Amino acid sequence: MARQKKTPSFVLELPLVVHGNHAKWLHAHLEAVRCLYNVLLGEALKRMRCMRNDSAWQAACALPRSHKQEREAAFSHVRKAHGFSEYAMHDYAKVARCNWIADHVDSTMAQTLATRAYQAVNRVCVGQAKNVRFKSRGRGLDSIEGKRNNTGLRFALQAPQQGNEGYLVWGKDHMPVLIDWNDPVVVHGLHQSIKYVRLVRRKASSAQAKGADPQGNRYFVQLVLEGKPYQKEKNQLGNDTIGLDIGPSSLAIFPREGTVRLKVFCEELRPDIGKKRRLQRKLDRQRRTNNPDNYDEQGRVKLHGRHCLQWKDSKGYQETRRQLATQERKLAAHCKSLQGKLVNDLIAVGNHIQIEKTSYKGWQKQFGKSVALRSPGMFVEHLRRIVAKTGGTLSEVGTSQTKLSQYCHGCQCYVKKLLSQRWHHCPCGIGPVPRDLYSAFLLAHLDPVETIPSIALKDWEGAEPCLVAAMEFLQQRAKEGQFLPRSFGIPEPERVGQKVLLRTNKSWSISIVEVG
Ligand SMILES: [Zn+2]
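Note that the sequence shown covers residues 25 to 540 in this note's numbering.
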């Protein structure tokens with residue numbers, strides 16, 4: 025069977041109107057889906073374990089990696105023998121979808137669930153994940169998708185004469201979908217052909233929240249559409265080349281033509297750390313009051329043997345947990361929207377973007393708090409998606425070959441800098457300029473296939489004042505009392521005996537100024 029060619033797709037999300045009765049059967053449907061998913065996951069896991077214990081699997085592992093074809097053939101043979109494949113799992117789903125589940129889940133939905141279970145287990149099999157997660161009754165399964173828009177879970181739109189209303193159809197039931205026909209994004213989306221439909225359940229802040237059902241959930245339908253998403257008019261395209269140096273909390277932007285900026289990543293983000301801490305403490309107190317038997321005399325959680333400890337939740341505990349989750353969810357949503365705006369701002373300048381290849385997972389260990397708040401990895405993924413959509417390029421430069429953070433274009437030497445050295449100042453006369461901005465400048469002038477940036481004298485003469493101007497702007501803001509991260513290399517003036525940067529004639533000099 026020839027595989028169908030992949031076409032571009034995008035997602036349009038519409039809220040569902042859920043009333044009392046609808047909420048009840050949606051809950052029942054999703055509960056059935058959860059049970060089926062757990063069964064499929066268990067079966068896939070069992071098959072994987074059998075397969076790994078097979079001597080043929082070990083023989084395949086022992087084959088040298090240089091014999092690529094032989095190795096692949098051996099692995100696929102073992103997989104086939106143990107029925108560990110997407111299609112074998114589809115066959116199993118037919119059997120598992122027994123009487124009562126079949127009332128809720130049709131065969132195409134069962135197939136997509138089987139695929140999902142197989143992919144989860146396969147990630148463990150190939151070493152991309154450590155474990156799979158069974159969906160507990162308390163947490164439930166929050167999304168389900170169909171396969172095509174003509175059977176099972178599907179979206180139906182009335183003809184304009186009949187009222188233009190949309191419905192999500194699941195088996196015999198159907199629910200109205202909110203459509204804002206004044207929104208050009210929605211109108212554009214609804215004119216594309218639908219590949220398949222996904223139903224998503226999200227937690228609202230409370231049961232009284234707008235659009236929430238009595239259990240405090242909101243439901244959305246996601247239409248996966250063929251084609252390209254709507255491009256808003258305000259998001260015009262530029263065609264400059266931008267060097268982008270991404271740090272855990274800072275972003276240095278160097279377009280070849282245009283304003284150079286050193287920014288705090290998602291500056292507007294204001295996490296309420298005090299409130300979070302208070303809620304966490306309250307949760308802990310409530311947990312202790314509800315389960316006094318689970319703690320020893322010193323207040324530590326008791327060790328358990330074969331049987332896990334039983335934990336009880338009170339209504340108040342659940343309420344506090346929801347408050348904490350809502351706060352975190354809002355923060356994440358704000359971060360995402362800020363990043364979206366930043367991406368659009370960048371694209372307006374140019375859609376040829378060069379960044380350094382970084383392991384954001386490695387950053388999580390080193391700069392945990394900052395990365396958790398600002399999620400630079402997600403930003404890069406967003407950027408990649410938008411750049412691809414607009415036909416631009418995002419080239420990632422390997423750091424081990426180029427070593428741009430050590431490079432100086434004046435003398436073409438590589439000198440290592442400590443993490444605390446925030447300024448590039450070379451004896452050859454280059455600098456001092458902020459390190460992040462300098463490496464963004466180098467990135468902007470790097471040909472992706474080369475390892476050394478090609479910089480003419482006039483490039484640097486043009487760039488230096490821009491870098492200095494960007495820095496002066498930041499210093500002005502620091503003087504006004506705005507908080508800037510330490511990585512900018514601008515000391516806070518209020519500290520006593522603090523290093524303060526002074527501009528003398530043409531170069532920056534660092535001097536100690538006594539304050540107070
Ligand atoms: Zn130099």
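Glycine included, every Cβ here is placed at the ideal spot set by N, Cα and C. Since we're looking at a predicted model, the values are computed, not measured.
- Message: In the DSSP assignment, the alpha helix (DSSP H) including G401 goes from what residue to what residue?
- Response: Residue range 400-413 is occupied by the alpha helix (DSSP H) that includes G401.
- Candidates E257, G240, Y220, V224: which alpha carbon is nearest E250's? Selected option, being the one with the closest Cα: Y220.
- Item | Meets three-Cβ-pair contact criterion under 8 Å: the region 372-384 and the region 458-475 | With a cut-off of 8 Å, the region 458-475 and the region 372-384 count as touching, because enough Cβ pairs lie within range.
- Task: Using alpha carbons as the reference points, say which of W81, E94, A47, T139 lies closest to A68.
- Result: Closest option to A68, Cα to Cα, is T139.
- Give the DSSP-derived three-state secondary structure of G542 in the structure shown. Beyond the ends of the chain as shown, which are 25 and 540, falls residue 542; an answer cannot be given.
- Task: Return helix, strand or coil for P509, following the three-state DSSP convention.
- Result: Of the three classes helix, strand and coil, the one that applies to P509 here is coil, per DSSP.
- Query: Which residues bound the alpha helix (DSSP H) around E485?
  - Reply: It spans 481-503 - the alpha helix (DSSP H) in which E485 sits, taken as one unbroken run.
- Item | Residue ranges of each alpha helix (DSSP H) within the region 100-124, 4 or longer | The alpha helix (DSSP H) runs lying completely inside the region 100-124 and spanning 4 residues or more are 110-120, given in chain order.
- Message: Using 9 Å as the threshold, is the C-beta distance between S167 and R346 below it?
- Response: In this structure, S167 lies away from R346, with their beta-carbon atoms at least 9 Å apart.
- Message: What does the alpha-carbon distance come out to for the pair S100 and L286?
- Response: Those two C-alpha atoms are separated by around 51 Å.
- Item | Closest residue to L36 among R222, K354, F278 (Cα-Cα distance) | When the alpha-carbon of L36 is set against those of R222, K354, F278, the nearest one is in R222.
- Message: Going by the DSSP bridge assignment, what does Y142 pair with across the sheet?
- Response: Answer by DSSP bridge pairing: none, since Y142 is not bridged.
- Rounded distance between the beta-carbons of A47 and R208, thought under 8 Å: According to the sequence as given, residue 208 is Pro; it is not Arg. The C-beta separation of P208 from A47 comes to about 31 Å, leaving the pair out of contact by the 8 Å criterion.
- Report the option in Y438, G262, G434 whose CA atom is closest to the CA atom of T454. It is worth fixing the name first, because residue 454 is Ile in this sequence and not Thr. For I454, the closest alpha carbon among the candidates Y438, G262, G434 is that of G434.
- Alpha carbon to alpha carbon, how far is L397 from D337? Cα to Cα, the separation comes out at about 29 Å.
- Q445 versus R459: straight-line alpha-carbon distance, rounded: Spanning the two alpha carbons is a distance of roughly 8 Å.
- Message: With the cut-off set at 9 Å, would you say A134 and R121 are in Cβ contact?
- Response: In contact: A134 and R121 (Cβ atoms closer than 9 Å).
- Backbone secondary structure at Y341 - three-state DSSP: Correct three-state label for Y341: helix.
- Message: Taking 8 Å as the cut-off, is the beta-carbon of I454 closer than that to any non-hydrogen atom of ligand 1?
- Response: The nearest non-hydrogen atom of ligand 1 is less than 8 Å from the C-beta of I454.
- Message: By alpha-carbon positions, which one of V211, S399, F512 ends up nearest to L38?
- Response: Taking only the C-alpha atoms, the option nearest L38 is V211.
- Query: Excluding five sequence neighbours on each side, which residues of the same chain lie with their C-beta closer than 8 Å to the C-beta of D78?
  - Reply: V102, A105, H106, listed in sequence order.
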